[in-house]
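Trainee: The structure follows.
4 protein chains.
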Amino acid sequence: MISFTCDYTEGAHPAILGALLRTNMDQQPGYGEDCYTAAARARIREACGCSGADVFLLVGGTQTNSTVIATMLRDYQGVVAAQTGHIAVHEAGAVEYTGHKVLTLPQREGKLSAQDLNAYLEAFYADGSFEHMVFPGMVYLSFPTEYGTLYSKAELKAVKAVCEAYKLPLFVDGARLGYGLMSPACDVTLQELATLCDVFTIGGTKVGALCGEAVVFPAGNAPEHFFTLVKQHGALLAKGRLLGIQFETLFTDGLYFQIAKNAIDRAMELKELFVAKGYELFLDSPTNQQFILLTEAAAQALDGKVAYEVWERCPDGRAVARFATSWATTPEQIAALSALLPQAYVPAP
Amino acid sequence: MISFTCDYTEGAHPAILGALLRTNMDQQPGYGEDCYTAAARARIREACGCSGADVFLLVGGTQTNSTVIATMLRDYQGVVAAQTGHIAVHEAGAVEYTGHKVLTLPQREGKLSAQDLNAYLEAFYADGSFEHMVFPGMVYLSFPTEYGTLYSKAELKAVKAVCEAYKLPLFVDGARLGYGLMSPACDVTLQELATLCDVFTIGGTKVGALCGEAVVFPAGNAPEHFFTLVKQHGALLAKGRLLGIQFETLFTDGLYFQIAKNAIDRAMELKELFVAKGYELFLDSPTNQQFILLTEAAAQALDGKVAYEVWERCPDGRAVARFATSWATTPEQIAALSALLPQAYVPAP
Amino acid sequence: MISFTCDYTEGAHPAILGALLRTNMDQQPGYGEDCYTAAARARIREACGCSGADVFLLVGGTQTNSTVIATMLRDYQGVVAAQTGHIAVHEAGAVEYTGHKVLTLPQREGKLSAQDLNAYLEAFYADGSFEHMVFPGMVYLSFPTEYGTLYSKAELKAVKAVCEAYKLPLFVDGARLGYGLMSPACDVTLQELATLCDVFTIGGTKVGALCGEAVVFPAGNAPEHFFTLVKQHGALLAKGRLLGIQFETLFTDGLYFQIAKNAIDRAMELKELFVAKGYELFLDSPTNQQFILLTEAAAQALDGKVAYEVWERCPDGRAVARFATSWATTPEQIAALSALLPQAYVPAP
Amino acid sequence: MISFTCDYTEGAHPAILGALLRTNMDQQPGYGEDCYTAAARARIREACGCSGADVFLLVGGTQTNSTVIATMLRDYQGVVAAQTGHIAVHEAGAVEYTGHKVLTLPQREGKLSAQDLNAYLEAFYADGSFEHMVFPGMVYLSFPTEYGTLYSKAELKAVKAVCEAYKLPLFVDGARLGYGLMSPACDVTLQELATLCDVFTIGGTKVGALCGEAVVFPAGNAPEHFFTLVKQHGALLAKGRLLGIQFETLFTDGLYFQIAKNAIDRAMELKELFVAKGYELFLDSPTNQQFILLTEAAAQALDGKVAYEVWERCPDGRAVARFATSWATTPEQIAALSALLPQAYVPAP
């Protein structure tokens with residue numbers, strides 16, 4: 009059975025395991041004060057081109073999102089997100105658990121538009137009773153989105169401009185950041201991204217680490233006593249070295265980008281494979297998550313041999329199937345999928 | 009520099025790293041539905057003698073404590089703990105952040121007594137205005153305590169009896185459980201412990217794992233939808249395999265107990281060493297944390313060569329120094345300490 | 009200036025002030041243990057036909073909603089409401105502040121349909137990842153709605169049936185309950201309503217009281233220690249007599265219904281007046297809130313003499329204006345409005 | 009039966025009821041935007057000598073305390089209070105419900121000393137692990153305290169100096185402020201108090217109002233969007249006029265102080281009466297709450313005729329009985345108590 013269900017089916021990139029082994033018996037202080045975390049921070053700052061950035065290493069994605077959001081919002085504020093944003097749907101209400109509303113806006117292919125954002129903000133302050141409502145306090149977007157799509161640099165700039173007009177910090181959830189940055193469709197660099205938002209995360213869990221999300225406050229603008237807040241949220245790892253070693257490894261010699269590129273290469277092959285066999289795409293994703301309209305015949309052909317996730321059902325019975333590649337996906341796995349997949353239809357001559 | 013500052017200065021027991029390497033490219037589902045977590049659960053159930061136990065693997069200690077406490081309490085309830093309980097002092101208000109008060113009682117050597125607990129509960133319900141107060145909703149104790157001390161079986165039974173009389177669940181924080189169970193002073197087995205409380209944790213972080221705390225509900229009494237609640241608290245690891253592999257390894261062939269015993273053996277050597285050299289103990293700890301009254305001369309002799317933690321200061325200037333051993337402490341480290349430590353005084357002939 | 013801006017522009021019905029005066033120096037215990045609260049409870053139970061109901065008197069609407077919702081939900085649950093529900097929009101995130109998500113569904117004229125509710129619930133449990141999402145934990149609807157509309161008995165039964173199928177309690181926010189029950193369009197009695205939901209409120213603030221919302225748990229099903237929870241939410245009035253006296257008065261000799269009927273009578277006159285003068289209704293409300301499409305000419309004619317609220321703007325420039333009547337609205341005020349209001353257009357002969 | 013159980017057994021001062029009657033049918037906007045609230049604010053500012061103060065009128069004491077504390081603290085902070093502070097004991101965990109710890113310090117006669125406060129703060133920041141703990145974020149004290157005692161001006165200045173040294177706002181809970189200010193033992197004026205703290209409340213509930221607590225931020229230093237935060241806490245009254253009218257009345261022609269003085273005069277008579285009859289005081293309270301050591305014989309003599317509250321029990325069987333006077337207590341009630349109370353002992357000739 010080959011699994012394309014998600015991008016966290018394997019352990020860690022071998023270089024990470026090697027580093028864990030190599031450093032194992034070295035005694036280090038806890039809570040992120042170890043030398044590996046210090047090194048990881050330095051390399052992340054360098055990669056982002058922000059020498060003054062505050063960098064924190066947390067463990068998981070939902071944890072990171074709710075900690076960042078809760079600590080950057082004031083009590084009277086909520087976080088603005090696309091209706092399909094991860095925090096709005098698939099985080100078990102972790103943001104609300106901290107007392108804040110997720111203010112949802114319409115989405116297109118998983119993306120929030122600057123126009124919709126601006127319209128919402130204008131309407132909010134034009135409403136005579138806005139003081140009885142939850143104030144927008146920050147804007148959240150994911151890069152890539154939950155549908156694998158990407159914001160262009162122009163789109164990010166437009167969103168950022170609206171945020172600035174309303175003094176709202178912009179938070180970019182980069183749980184799959186590497187897969188976004190290495191997409192051929194991406195016109196933003198990591199260093200540019202760092203100038204276009206107020207806080208962003210660099211996902212490790214889905215890009216080669218056992219766990220770990222780096223939170224970057226590019227302008228050194230972490231909330232006061234963020235260390236204590238992280239602990240209060242249950243997000244402070246005693247053996248911070250586990251995160252430090254992993255991120256130090258990922259950000260040495262460009263490993264993070266290199267292994268992310270593997271996922272993209274495999275994803276493009278996978279997409280071409282489906283298209284060549286006549287399958288329709290649910291949407292044209294430029295990253296490691298591919299959404300295919302899968303026929304019943306294909307489902308049967310793959311049954312028990314290839315795993316993927318069914319996102320939803322089309323009225324015509326086809327499944328919207330998500331196939332995710334990752335740093336660990338091999339050309340052999342793509343070839344095996346190819347061998348199993350029937351033609352969707354016989355193209356007209 | 010040799011560090012006795014805490015029991016999480018190294019990485020993981022080599023057997024754990026070996027298992028991570030061995031299983032690394034095996035594709036597994038996320039969120040604790042992998043085969044390793046299943047195996048870990050089975051072995052923990054067996055070790056605890058509770059075939060019907062609910063077992064969950066979380067990441068860190070503060071996270072685990074606040075998740076367990078918040079999900080077992082009703083809104084009108086708080087958790088009763090010794091004044092020195094970890095949740096009352098060193099968790100950055102994580103319990104209060106979930107909306108619950110920590111109701112503190114006096115402690116002796118870090119322990120809560122059944123008598124004090126009973127007196128408090130009697131007084132609470134005798135107070136005519138108790139409906140204006142926070143109700144006691146569960147009892148928390150740590151085993152070993154923050155001072156390395158242990159409850160005897162009789163003491164645990166007495167606390168449990170009071171809890172039962174007032175229908176309060178008893179939660180045993182076992183962040184250092186292995187070090188408690190392997191102490192020569194311990195008269196409770198893991199299986200007995202499981203019958204004496206309603207929920208307990210088996211600490212991995214401090215006993216050989218990179219991270220991880222197992223939460224055991226011996227009677228299969230996990231709060232409804234605990235999985236979702238764990239996610240809401242940011243405590244659900246995407247790559248649950250990281251926790252599963254570690255706990256499966258620790259609970260195979262008694263590794264957890266065997267490596268915990270090493271810490272105890274080293275701790276007893278360390279204690280004897282200090283006593284033999286004429287140092288006074290702050291208290292007589294039977295586990296891996298030793299509290300020594302350290303003279304200024306000793307502090308100078310160790311300076312830059314041996315690290316430990318200063319807990320507090322005596323009026324006479326001596327430091328209450330905590331020396332912690334762990335699964336990783338070697339006889340060589342104890343010998344090196346011995347070589348450096350001066351006599352506290354010249355004993356009378 | 010005559011104000012139709014809302015239904016809480018005056019103080020209290022004179023009978024309430026009379027009762028406050030009459031009882032003023034009578035010494036009573038606090039916190040709802042006074043004889044007036046006991047009498048109010050008895051009368052409310054009687055009016056609702058539920059001799060076993062739990063009845064609590066709280067102070068304000070947002071307070072009552074968030075207290076009821078937070079204490080009836082489990083942590084992993086949210087409350088389902090129409091997108092226009094008061095709790096979803098105009099309560100400053102009070103529900104989220106207690107840690108719970110408001111799960112919004114589409115609305116028609118302010119109402120939630122049983123079909124939409126059922127479709128949402130079916131889809132929720134059909135989604136393979138529902139354990140990562142906020143569970144629906146109760147259903148909230150307002151009667152009348154924020155648009156003055158009413159659920160028919162059949163609609164309420166249909167919603168209730170879906171709730172029962174999914175074991176969800178149904179909460180009816182009756183901030184304007186009297187104005188709903190006294191509408192000629194209403195086919196539900198108070199006693200029937202009590203059998204169709206699990207908890208509901210009887211609004212005093214908008215129906216003749218200075219303040220006060222009665223919470224009724226018809227089946228005696230108040231959350232355990234609701235008294236303490238009310239206090240924890242800051243909703244327990246020390247001089248509970250203030251609420252007791254008011255509700256006792258309102259539920260003596262049908263005063264609540266009688267004064268609510270005044271608001272309805274005036275509202276119907278007001279609606280007829282606008283219709284007769286050629287104004288279009290935004291929607292046809294059967295209760296005390298009337299939504300009129302107001303021309304610029306009318307706005308100018310009323311300016312400085314009649315106050316109302318502008319809800320939103322039509323693309324053609326007309327205002328959606330809300331005119332609210334209340335227990336205190338007089339025929340003279342309607343007549344004055346009539347005298348000032350110009351014809352909207354000259355009807356064709 | 010005459011009740012001295014508390015200071016909120018009657019309704020409101022007749023002048024307040026008169027004002028409610030007089031203004032009843034005047035149409036006013038809601039939510040504190042009425043002309044009475046504006047007038048009340050102006051008069052409170054004038055009485056406090058702070059023309060730039062922010063003044064908000066909330067409904068109840070626990071509500072006010074938790075709203076003020078939650079909105080002035082950052083997430084990583086708790087509020088420092090005496091162990092007997094109302095927020096620490098008798099508010100059902102309302103502060104913790106908002107996510108904040110109450111950090112308790114020892115008390116003497118209900119008071120927190122500047123020395124104890126300073127010692128705690130010094131020790132906190134001297135502790136190497138303070139970043140793992142809840143930071144002190146504000147200081148709470150009650151004036152008078154829960155034991156009826158008062159801080160002298162020197163004591164307040166000393167506490168304030170410590171607060172300033174650590175940049176902690178000082179919050180004075182004045183639920184019974186009038187009874188403190190009118191005590192012959194009080195050496196602080198309202199205007200001085202306003203310069204000695206960062207926020208304080210002026211209790212209406214216990215000093216002649218039906219309900220209502222005025223929150224004063226003397227330096228115009230209310231938390232941003234306090235209006236919205238008040239609403240989020242369920243503390244915003246729709247008919248704000250109810251609070252405005254009451255506080256306008258209380259602060260017209262010194263009524264608040266005049267009726268508070270009645271309580272003090274009666275309390276002094278009551279104390280003298282007990283002392284003259286040979287009863288021991290539990291402590292010598294200078295305000296309207298008197299704590300008497302009541303013999304069993306006295307309890308029997310008063311049984312069914314005079315009500316009071318038993319605070320606790322002495323080992324010798326005597327009750328610590330609290331007798332509270334109020335704005336409404338009459339000389340006749342004191343005389344009636346005197347007639348019923350037996351001599352505690354026959355004094356030696």
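Residue numbers (my numbering), protein chains in the order written: chain A, 9 to 357; chain B, 9 to 357; chain C, 9 to 357; chain D, 9 to 357.
For glycine and all other residues, C-beta sits at the position ideal for the given N, C-alpha and C.
This structure is a prediction, so every number in the text was calculated from the model and none was measured.
Just the chain C side, please: which residues come within less than 8 Å of D83(B) by C-beta, in chain order?
Mentor: Counting from 1 along the second sequence, the entry for residue 83(B) is found at position 75. Going along chain C in sequence order, the residues near D83(B) (Cβ under 8 Å) are A78, T79, L237 and Q240.
Trainee: According to DSSP, simplified to helix, strand and coil, what is P144(B)?
Mentor: Residue mapping note: residue 144(B) aligns to position 136 of the second sequence, counting from 1. Strand.
Trainee: Between M362(D) and V97(B), which are expected to be in contact by the criterion C-beta below 8 Å, what is the C-beta distance as a whole number of angstroms?
Mentor: This structure gives no information on residue 362(D), because the portion of chain D shown stretches from 9 to 357.
Trainee: Indicate whether at least one CB of chain A lies closer than 9 Å to the CB of E41(C).
Mentor: On the third sequence, position 33 is the one that residue 41(C) refers to. False, the Cβ-Cβ gap to chain A never drops below 9 Å.
Trainee: Please decide whether L291(A) counts as near chain B, where near means a Cβ-Cβ distance under 9 Å.
Mentor: Reading the first sequence from its first residue, position 283 is the one you call residue 291(A). No, L291(A) does not count as interfacial toward chain B.
Trainee: Which two residues bound the contiguous beta strand (DSSP E) that contains A347(D)?
Mentor: Here residue 347(D) refers to the residue found at position 339 of the fourth sequence. Taken as a continuous stretch (DSSP letters only), A347(D) belongs to no beta strand (DSSP E), being part of the alpha helix (DSSP H) at P339 to L348.
Trainee: Is the Cβ-Cβ distance between L310(A) and Y287(A) less than 9 Å?
Mentor: Numbered from its first residue, the first sequence carries residue 310(A) at position 302. Numbered from its first residue, the first sequence carries residue 287(A) at position 279. L310(A) places its beta carbon 9 Å or farther from that of Y287(A).
Trainee: Let me make sure I understand the geometry here. Which of D135(A), Y174(A), A46(A) and M80(A) has the alpha-carbon closest to that of L125(A)?
Mentor: In the first sequence, residue 125(A) corresponds to position 117, counting from 1. It is Y174(A) whose Cα lies nearest to the Cα of L125(A).
Trainee: Contact between the region 13-24 of chain D and the region 323-340 of chain C is defined here as three or more beta-carbon pairs at a separation below 8 Å; is this criterion met?
Mentor: no
Trainee: If you count every other CB in all the chains shown that lies within 10 Å of the CB of Y353(D), and 16 or more means buried, which is it?
Mentor: Mapped onto the fourth sequence, residue 353(D) falls at position 345. The residue in question, Y353(D), is exposed, as its Cβ has fewer than 16 Cβ neighbours within 10 Å.
Trainee: In the structure shown, what three-state DSSP assignment does V223(A) receive?
Mentor: The residue given as residue 223(A) occupies position 215 in the first sequence. For V223(A), the secondary structure class from DSSP, reduced to helix, strand or coil, is strand.
Trainee: Note down, in chain order, each residue of its chain lying with its Cβ closer than 8 Å to the Cβ of P192(B), except the 5 sequence neighbours on either side.
Mentor: Here residue 192(B) is taken as the residue at index 184 of the second sequence, counted from 1. The residues are I272, M276 and P294.
Trainee: With DSSP as the reference, please indicate the residues paired to R116(A) in a beta bridge.
Mentor: The residue labelled residue 116(A) in the question sits at position 108 within the first sequence. According to DSSP, which records beta bridges pairwise, R116(A) is partnered with K119(A).
Trainee: Could you tell me whether the Cβ atoms of R53(C) and S59(C) are closer together than 9 Å?
Mentor: By 1-based counting over the third sequence, the position of residue 53(C) is 45. By 1-based counting over the third sequence, the position of residue 59(C) is 51. Yes. Within cutoff.
Trainee: When you compare the region 238-253 of chain B with the region 66-83 of chain B, are there three or more beta-carbon pairs, one atom per stretch, that lie closer than 8 Å?
Mentor: yes
Trainee: What distance in whole Å lies between the Cβ atoms of V224(D) and V207(D), which are believed to be in contact at a cut-off of 8 Å?
Mentor: For the purposes of this step, residue 207(D) is taken as residue 199 along the fourth sequence, with counting starting at 1. For the purposes of this step, residue 224(D) is taken as residue 216 along the fourth sequence, with counting starting at 1. Their Cβ separation, rounded to whole angstroms, is 7 Å, which keeps V207(D) and V224(D) in contact under 8 Å.
Trainee: Quick one: is G107(A) near chain D, going by C-beta distance under 9 Å?
Mentor: Position 99 of the first sequence, counting from 1, holds the residue named residue 107(A). Yes - at least one Cβ of chain D is within 9 Å of the one on G107(A).
Trainee: Could you please tell me which residues of the region 123-141 of chain D, in chain order, have their CB closer than 7 Å to any CB of chain B?
Mentor: S137, H140 and M141
Trainee: Please name the residues in the region 225-236 of chain B whose beta-carbon is closer than 8 Å to at least one beta-carbon of chain C, in chain order.
Mentor: Residues E232, H233, F235 and T236.
Trainee: Between L178(A) and the rest of its own chain, which residues show a CB-CB distance below 6 Å, the 5 nearest in sequence each way excluded?
Mentor: Taking the first residue of the first sequence as 1, we reach residue 178(A) at position 170. So the list reads V147, K168, C171, C205 and D206, once near-sequence residues are dropped.
Trainee: Report, in whole angstroms, the separation of the C-beta atoms of A61(A) and P323(A), which I expect to be a contact under 8 Å.
Mentor: Residue numbering aside, residue 61(A) sits at position 53 when the first sequence is read from its first letter. Residue numbering aside, residue 323(A) sits at position 315 when the first sequence is read from its first letter. Between P323(A) and A61(A) the Cβ distance is about 48 Å, and since that is not below 8 Å, they are no contact.
Trainee: Quick check: A202(D) and C56(D), are their CB atoms within less than 9 Å of each other?
Mentor: Here the question's residue 202(D) lines up with position 194 in the fourth sequence. Here the question's residue 56(D) lines up with position 48 in the fourth sequence. A contact, by the Cβ cut-off of 9 Å.
Trainee: Starting from the Cα of Y155(A), find the closest Cα among Q115(A), A162(A), A122(A) and L176(A) and give me that residue.
Mentor: Residue 155(A) sits at position 147 when you count from the first residue of the first sequence. The shortest C-alpha separation from Y155(A) is found at Q115(A).
Trainee: What residue range does the beta strand (DSSP E) around E304(A) cover?
Mentor: Locating residue 304(A) in the first sequence gives position 296, where the first residue counts as 1. No beta strand (DSSP E) holds E304(A); the alpha helix (DSSP H) holding it covers E304 to L310.
Trainee: Mind listing the chain B neighbours of V170(D)? Cutoff is C-beta to C-beta under 7 Å, in chain order.
Mentor: As a working note, residue 170(D) is residue 162 in the fourth sequence. Ordered by position in chain B, no residue passes the 7 Å Cβ test against V170(D), which lies about 22 Å from the chain.
Trainee: Output, in sequence order along the chain, the residues in the region 179-200 of chain D whose CB is closer than 9 Å to any CB in chain B.
Mentor: The residues in question: there are none.
Trainee: I'd like the span of the alpha helix (DSSP H) that includes D62(A), first residue to last.
Mentor: Indexing the first sequence from 1 puts residue 62(A) at position 54. Premise fails: D62(A) lies in the beta strand (DSSP E), D62 to L66, not in any alpha helix (DSSP H).
Trainee: Rounded to whole angstroms, what is the Cα-Cα separation between T75(B) and L189(C)?
Mentor: Taking the second sequence and counting its residues from 1, the one referred to as residue 75(B) is at position 67. Taking the third sequence and counting its residues from 1, the one referred to as residue 189(C) is at position 181. Distance between the alpha carbons of T75(B) and L189(C) is about 45 Å.
Trainee: Just to make sure I have the definition right: I need the residues of chain D whose C-beta is within less than 8 Å of the C-beta of F143(A). Which are they?
Mentor: In the first sequence, residue 143(A) corresponds to position 135, counting from 1. What F143(A) touches in chain D: H233 and T236.
Trainee: Check whether the region 78-92 of chain D touches the region 264-271 of chain D, taking contact to mean three or more Cβ pairs, one atom from each stretch, closer than 8 Å.
Mentor: no
Trainee: I'd like to confirm something about T75(A): is its beta-carbon nearer than 8 Å to some heavy atom of the ligand ATP, or not?
Mentor: For the structure depicted, the ligand ATP is absent and the ligand set is empty, with no information on it obtainable.
Trainee: Distance cutoff 9 Å, beta carbons only. Does A100(A) sit that close to anything in chain C?
Mentor: Within the first sequence, residue 100(A) is the residue found at index 92, counting from 1. With 9 Å as the cut-off, A100(A) counts as an interface residue toward chain C.
Trainee: With DSSP as the reference, please indicate the residues paired to I95(D) in a beta bridge.
Mentor: Mapped onto the fourth sequence, residue 95(D) falls at position 87. DSSP, once it has assigned bridges, lists no residue as partnering I95(D).
Trainee: What would DSSP say about R326(C), mapped onto helix, strand or coil?
Mentor: Taking the third sequence and counting its residues from 1, one reaches residue 326(C) at position 318. Looking at R326(C) - three-state DSSP - the assignment turns out to be coil, as it is neither helix nor strand.
Trainee: In chain D, which residues lie with their C-beta within 8 Å of the C-beta of E104(B)?
Mentor: Taking the first residue of the second sequence as 1, we reach residue 104(B) at position 96. Ordered by position in chain D, the residues that pass the 8 Å Cβ test against E104(B) are G86, E104, G107, H108, K109 and V142.
Trainee: Does the CB of V215(A) have a neighbour CB from chain C at under 9 Å?
Mentor: Along the first sequence, read from residue 1 onward, the residue named residue 215(A) stands at position 207. Not closer than 9 Å to any Cβ of chain C, the Cβ of V215(A) fails to qualify, so no.
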